[in-house]
Structures are given as structure tokens and as C-alpha cells.
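Asks:
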Amino acid sequence: MPSVVFDVVGTCFSYDNGAEALQARLGHKLAKYGIPTKLLFYAWVCGTERDYSYLSQIKQYKPFFEILSNTLTRVLFQAGIPAEDLEGFFTAEDIEYIREEYKKLKPRPGLKEMMQTLREGGFEVWCCSDANVDRVKGYFDHAGVEMPLDHVLSADMVKAGKPEPAVYKFAREKAGSDQPGEVSVFAASHAWDIAAAKSAGFLTAYTTTYELDPCESIFGTADLVTPDLVSLGKGIVEKWGKK
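Quick note on our numbering: the sequence shown kicks off at 4 and runs consecutively.
1) Please confirm if the segment 53 to 63 is in contact with the segment 116 to 126, defined as three or more CB-CB distances below 8 Å between the two stretches.
2) Please classify HIS145 as buried or exposed, where buried requires at least 16 other C-beta atoms within 10 Å of its C-beta.
3) Can you list, in chain order, the residues of its chain with a C-beta nearer than 8 Å to that of GLU214? Leave out the 5 residues immediately preceding and following it.
4) Just to confirm before moving on: does the CB-CB distance between TYR36 and ILE84 stay below 7 Å?
5) Leaving out five residues before and five after PHE143 in sequence, what residues of the same chain have Cβ atoms less than 6 Å from its Cβ?
6) What's the gap between the Cα of ASP10 and the Cα of GLY21?
7) GLU219 to ALA198, Cα distance in whole Å?
8) By a C-beta neighbour count over all protein chains shown, 10 Å radius and 16 as the cutoff for buried, is TYR171 buried or exposed?
9) Using only CA atoms, which one of TYR209, ALA158, GLY179 lies nearest to PHE67?
10) Is the Cβ-Cβ distance between THR229 and GLY238 less than 7 Å?
Next up, the structure:
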């Protein structure tokens, strides 16, 4: 059976809850320095992704949310808030609130329709995330989208972080799509994720719903590019489904 492995956070679910939580707790303080909340939040997330990946590469793996919870001070400083103003700028309760609200990810438009299209098109659907298994399963359950627990793969299982090759190798093996002749698609909204998956032998499907610009001169060209999840599902079935 052909399979498709999805990135979860960013691709199937948006980050918006986290930005809204940051606005609720610290938006009034950020406004005094002319710092847009959403921009600050994404800088925080992107910095966390970088540190998560770098620590994994040097074999000092730390879970994503452990890094996120301990790096806000440096992000605020880099955004232009003077060091002397950062004392007491936020509390442990602020961090806990933002972190927990961030975990309540909202499904991107068309998620349920895309999954139905893929399954009806003969694809076995898996997901692979840096988040832990229970949290990922909870995202899908809350969205009312079926995702069997044994089809949820976490980078924690191999103690490595994306985009390390071990994660994608593990995903292909678990999905049974590493055998000759098998259709094996990796779908994501992060261009770096697509580039890593292609290096691991996956066919690749990219949606611009998160990053807009695929930056092909940097990350290469995905096998399929679509603007949203509905067209992503249809495109995968049309391109690689059973004729």
C-alpha cells in the first residue's frame, strides 16, 4: 500500500495559539518597544527549532518544549529590549501559560478533507513529529481527525531531532515504505523538512500554507507543490495514487 508521512506542527496544525497566548500575557509590554507579538513569537519558535536541531547534531538532545521554555530572555534581548529592562519582564507562570496554550494547536483549514481524500485514494497515512506521541495524538483527536496511535511517530523514539537522517530513516521503516517499488511520500510545509526527506529517499509534497515562498534556489524543488491542504491531498492521489 502506498504511504504518506506528514509533518504535524506547522503543516497539519498552525502555531497561532502560541502567538495569541504571548499577546495575552506580554503583548502590552512588547508594544512599549514597538515589537509585534507575532513576529517575536515566530522568532522564538524558529530559534528553538535551530537550537533543538543543533543540540541533536552534537548528541546533546533536548525536547523541543524544554528549549522553548528556557530561551525567551535571549529572544527578547535580540529583539531590542535592553538587558536592564528584562529583569521581571515575564514570570514562570507566563511561560507555562504560553507553552500550554501553544500545545493546543488548531488544525489548518482542510485537514479533515485532505485525510479523507488520501485514505479514499488508497494511501496509508502516518505522521512524524518532533513532538511526543501523546501530544500529537491529542492534536488529531481534538480536531476530530482519525490518526491511529501506532501511526504516530516521534523523533523522541530515536533520540534525534529533525532534520537528522535517522528520523526520516525511522519513518520510512515504520511506514513500510522503504522497500523497492513502494510509493513513499513525505508531506510538509517546511522546505528544510522536504529537503531532508528527499535526501532520505522519500518522494516529497510541499504546501506553501506556512512559508509562502518555497525558496527553491536554497532548498531544491519538491516533487509536488500546492497552496493548501485540500489541494495537497488531491495532488498526492492524482500524482502517486493507484491508477
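In this text, a Cβ means the ideal position worked out from N, Cα and C, and glycines have one as well.
Replies: The relevant details are as follows:
1) Segments in contact, no.
2) exposed
3) SER192, HIS193, ALA194
4) yes
5) MET150
6) 18 Å
7) Answer to the nearest angstrom: the Cα atoms are 10 Å apart.
8) So TYR171 ends up on the buried side.
9) Of TYR209, ALA158, GLY179, the residue nearest in Cα terms is ALA158.
10) yes
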